[in-house]
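Below: one structure, written as structure tokens.
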Amino acid sequence: MTTLQSPFPELLSALVDGELADGELVVQSNALHSDWNSYLVIGHALRGGAGAPLVTGADPAFLQRLNLRLAGENVGLPVLPVSREGLMALPNQPAANEAVFRWKLVAGCASVSAALIVAWSFVGTPDTSTISQLSRNPAADQVLVSSPQGPMVRDARLEELMAAHKQLGGSSLQAPSGFLRNAGFEDSQSGRR
Amino acid sequence: MKFKHFSLLAIYLWAQAASNLVAAQVPPLASPLAVNSAPAAREAKSITDWLSRLHEASKRRSYIGTYVVSSGGQMQSAKIWHVCEGTQQMERVESLTGAQRSTFRHNDKVVTFMPEQKVVRSERREAPGNFPGLVQSADNQIAEFYKLKAEGVERIAGLESDVVLLIPKDNMRFGYRVWTEQKRSLVVKLQTLDSDRRILEQAAFSELQLDAPVKLDKLLQMMGKVDGYRVEESALVKTTASAEGWRLLTPVAGFKPMSCYKRPTSGGALADDPMQWVFSDGLASVSLFVEPFDRQRHIKESAMSMGATHTITRQLGSYWLTAMGEVPMSTLKQFASGLERKK
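Chains as they are written, first to last, in our numbering: chain A, 679 to 871; chain B, 55 to 397.
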């Protein structure tokens, strides 16, 4: 951080901001000149550093030498030849979180969830057009659904039976929910007719 | 020697006195020794009375509410209007999830409006989803298979409700946790629980206005407005399992046959239509669907669960059985192994 050395920082600040008329302040010393440069840099930064980069207080001869040296340097990233062996070797590198078991759990759960979501999108209440297609082509309508008991073929016919069960089954406890679930399943029935 | 006998007698008398003292301090309902016939009869009466009260409340009360059912990863909700005038019951259900659908039930007549397809389906159903006869009949065995346990009071949909656990006495059925509104005994929330008391399915009113001013004649008017709709009549053909050539060789504990229907499907001959044989233990139900085996469709015997509803399929000779119900898989397997074609 720049330390201001001038005894008149307020005056300098006002001058930099253009609030003083020319000649009101006389630059008397090197310290004041240094502060002048500092305020220019601060002002430039506060205005968002728009425009050309502000270079103050630097030795022009030094900057010229630095630029020449930079031009002579090869600053691009080296392009290495990619071999097939190199590509094959990459998967064998252990991941940074290889040793952390919970990451494996998370990854496993995420994969299973993704698979279930995709499966569910097939299973969700099919619309009428889907049902109609299923009715025309019984062999193509079956979807393998995973359930705690293992995979099961679920099709429009099964939906229909489920609706029939909800309609006539249920209990005195489940009267409203049975009725509602039945209403929810009636789409598949309607599509078949 | 004599003193030894006397000391044994003293210990026996002391033990008797101590057990009487303990028994006197334990409330009768909490006593684990209450296994004689009188408490069992009391328990049976209490569970039957409780279920009858619930059943009456669901029929007799007028209410408007929003009902949410969560099952098998799916959630559905609907707005329900229910009214009872004399012996007439009327219900209107507007689905709030998925396709637009309005269902009206007037006693046993059910009319479903599907505005997107401009179709109305009209059918007659026995009181949907309940078997009041079974609950109220003298030979009901519900208390043999379930016991009640009070679990306190909770607020549901803004109403103080009693929480009761219905615990199955064997592993052939699921348990239930039931919330009933305190004053009117209307079921406001219901959970179906597996043997580890994990929730398989639940349903609850998210809002409920009891004794709401629902007008039966207004709902009837709405039910009759079918102009612009194509009306489809659904015809269930009542039959018996015996007439269809089937019998259940080994009864499944607690489950009684309730009804049997054939359900005509589009384009099929009546003989090919699936038979639906419904069983109930008063709380849970099982449907046995039997249809001719179709090599194209009936590829593999399998099992599936969706919330509380479990399903298994089996090939029985030249027939295909789909057993489905809100019961454990083992119960369905018993049904499947007990069903046979009459010779």
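Even for Gly, the Cβ is constructed at its ideal location relative to N, Cα and C.
Inter-residue Cα distance where the pair is residue i and residue j
i, j, result
"B/Arg231", "B/Leu220", "6 Å"
"B/Asp250", "B/Val381", "14 Å"
"B/Pro267", "B/Arg209", "23 Å"
"A/Asp805", "B/Glu170", "Caution applies to A/Asp805, whose pLDDT of 35 falls short of 50 and renders its modelled position unreliable; the model cannot decide the point."
"B/His109", "B/Thr102", "10 Å"
"B/Asn184", "B/Asn161", "For B/Asn184, the predicted model reports a pLDDT of 46, less than 50, meaning its position is unreliable; a value from the coordinates is still stated below. Answer to the nearest angstrom: the Cα atoms are 13 Å apart."
"B/Arg395", "B/Arg227", "26 Å"
"B/Lys133", "B/Phe259", "9 Å"
"B/Lys201", "B/Phe309", "17 Å"
"B/Thr294", "B/Ala390", "18 Å"
"B/Ser124", "B/Trp135", "20 Å"
"A/His722", "A/Ser691", "13 Å"
"B/Gln369", "B/Asn225", "25 Å"
"A/Leu794", "A/Leu748", "Interpretation of A/Leu794 is limited by its pLDDT of 48, a score under 50 that renders its predicted location unreliable; no figure is taken from the coordinates."
"A/Asn745", "A/Tyr717", "26 Å"
"B/Thr234", "B/Ser112", "10 Å"
"B/Leu337", "B/Leu386", "16 Å"
"B/Ser356", "B/Asp248", "21 Å"
"B/Pro305", "B/Glu97", "25 Å"
"B/Glu198", "B/Gln236", "26 Å"
"A/Ala834", "B/Ile353", "15 Å"
"A/Asn860", "A/Ala841", "Low confidence applies to A/Asn860: its pLDDT is 47, below 50, so where it sits in the model is not reliable enough to give any reading."
"B/Glu214", "A/Leu839", "38 Å"
"A/Ala767", "B/Val122", "Low per-residue confidence applies at A/Ala767: pLDDT is 45, beneath 50, and the placement is therefore not dependable, though the value from the model is reported in the following sentence. Roughly 54 Å between the two C-alpha positions."
"B/Lys243", "B/Gln388", "30 Å"
"B/Gly126", "B/Lys99", "34 Å"
"B/Ser384", "A/Glu837", "22 Å"
"B/Thr229", "B/Pro222", "Here residue 229 of chain B is Gly; the residue named in the question, Thr, does not match the sequence. Distance between the alpha carbons of B/Gly229 and B/Pro222 is about 5 Å."
"B/Ala307", "B/Ser339", "13 Å"
"A/Met679", "A/Glu688", "Residue confidence is low: A/Met679 scores 48 on pLDDT, short of 50, so the model does not pin down where it sits. Its coordinate-derived value is still stated next. Distance between the alpha carbons of A/Met679 and A/Glu688: 18 Å."
"A/Ile720", "A/Leu741", "21 Å"
"A/Leu724", "A/Arg743", "30 Å"
"B/Val285", "B/Thr157", "14 Å"
Neighbour flag for residue i against chain D, beta carbons, 8 Å
i, result
"B/Gln195", "No chain D appears in this structure, whose protein chains are A and B."
Proximity test, residue i beta-carbon vs the ligand MG heavy atom, cut-off 7 Å
i, result
"B/Ser359", "As far as ligands go, the structure on display features none, and thus does not contain the ligand MG."
Residue from the options with nearest C-alpha to residue i
i, options, result
"B/Thr371", "B/Ser288, B/Leu202 and B/Leu393", "Note that residue 371 of chain B is Gly in the sequence shown here, rather than Thr. Of B/Ser288, B/Leu202 and B/Leu393, the residue nearest in Cα terms is B/Leu393."
"B/Tyr373", "B/Glu286, B/His352, B/Asp335 and B/Pro346", "B/Pro346"
"B/Arg238", "B/Met383, B/Arg115 and B/Ser106", "B/Arg115"
"B/Ala211", "B/Phe343, B/Tyr315 and B/Tyr117", "B/Tyr117"
"B/Cys314", "B/Asp348, B/Val344 and B/Gln130", "B/Val344"
"B/Val217", "B/Ile196, B/Leu240 and B/Lys397", "B/Leu240"
"B/Lys272", "B/Gln245, B/Thr234, B/Cys138 and B/Gln236", "B/Cys138"
"B/Gln130", "B/Ser149, B/Gly119, B/Thr141 and B/Gly140", "B/Ser149"
"B/Thr120", "B/Glu198, B/Leu262, B/Ser106 and B/Glu214", "B/Leu262"
"B/Lys397", "B/Leu302, B/Ile196, B/Asp327 and B/Leu247", "B/Leu302"
"A/Gly846", "B/Gln236, B/Glu198, B/Arg178 and B/Leu244", "Note on residue identity: the sequence assigns Leu, not Gly, to residue 846 of chain A. When only C-alpha atoms are compared, the closest one is B/Arg178."
"B/Glu298", "B/Val280, B/Met276, B/Lys223 and B/Asp327", "B/Asp327"
"B/Gly152", "B/Ser106, B/Met168 and B/Arg146", "B/Met168"
"B/Gly379", "B/Leu274, B/Ala94, B/Ser296 and B/Thr246", "B/Thr246"
"B/Gln275", "B/Trp104, B/Trp300, B/Arg146 and B/Pro222", "B/Arg146"
"B/Trp300", "B/Leu375, B/Val285 and B/Gln128", "B/Leu375"
Limits of the unbroken alpha helix (DSSP H) element including residue i
i, result
"B/Gln388", "Met383 to Gly392"
"B/Phe199", "Ile196 to Phe199"
"B/Met277", "Leu270 to Met277"
"A/Glu837", "Ala834 to Leu846"
Nearest-angstrom beta carbon gap, residue j and residue i [assumed within contact, 8 Å]
i, j, result
"B/Gly22", "B/Lys172", "In this structure chain B extends from 55 to 397, so residue 22 of chain B is not present and cannot be described."
"B/Val164", "B/Val174", "In fact, because the Cβ distance is near 11 Å, the residues do not count as touching under 8 Å."
"B/Ser341", "A/His843", "4 Å"
"B/Arg317", "B/Gln330", "6 Å"
"B/Leu155", "B/Met144", "Checking the sequence shown, residue 155 of chain B turns out to be Arg, not Leu. In fact, because the Cβ distance is near 17 Å, the residues do not count as touching under 8 Å."
"B/Met312", "B/Val332", "5 Å"
"B/Leu270", "B/Gln142", "6 Å"
Residue span of the beta strand (DSSP E) that contains residue i, given as start and end
i, result
"B/Lys243", "Val241 to Leu247"
"B/Gly379", "Tyr373 to Gly379"
"B/Ile118", "Tyr117 to Ser125"
"B/Val332", "Met329 to Ser334"
"B/Met168", "Lys163 to Met168"
"B/Val344", "Ser339 to Pro346"
"B/Ala357", "Ala357 to Met360"
"B/Lys133", "Gln128 to Glu139"
"B/Thr363", "Thr363 to Leu370"
> Counting Cβ pairs, one atom from each stretch, are 3 or more of them under 8 Å apart for the segment 253 to 265 of chain B and the segment 357 to 365 of chain B?
Replying inline: A contact exists between the segment 253 to 265 of chain B and the segment 357 to 365 of chain B.
> Between the segment 284 to 295 of chain B and the segment 195 to 207 of chain B, do three or more beta carbon pairs fall short of 8 Å?
Replying inline: no
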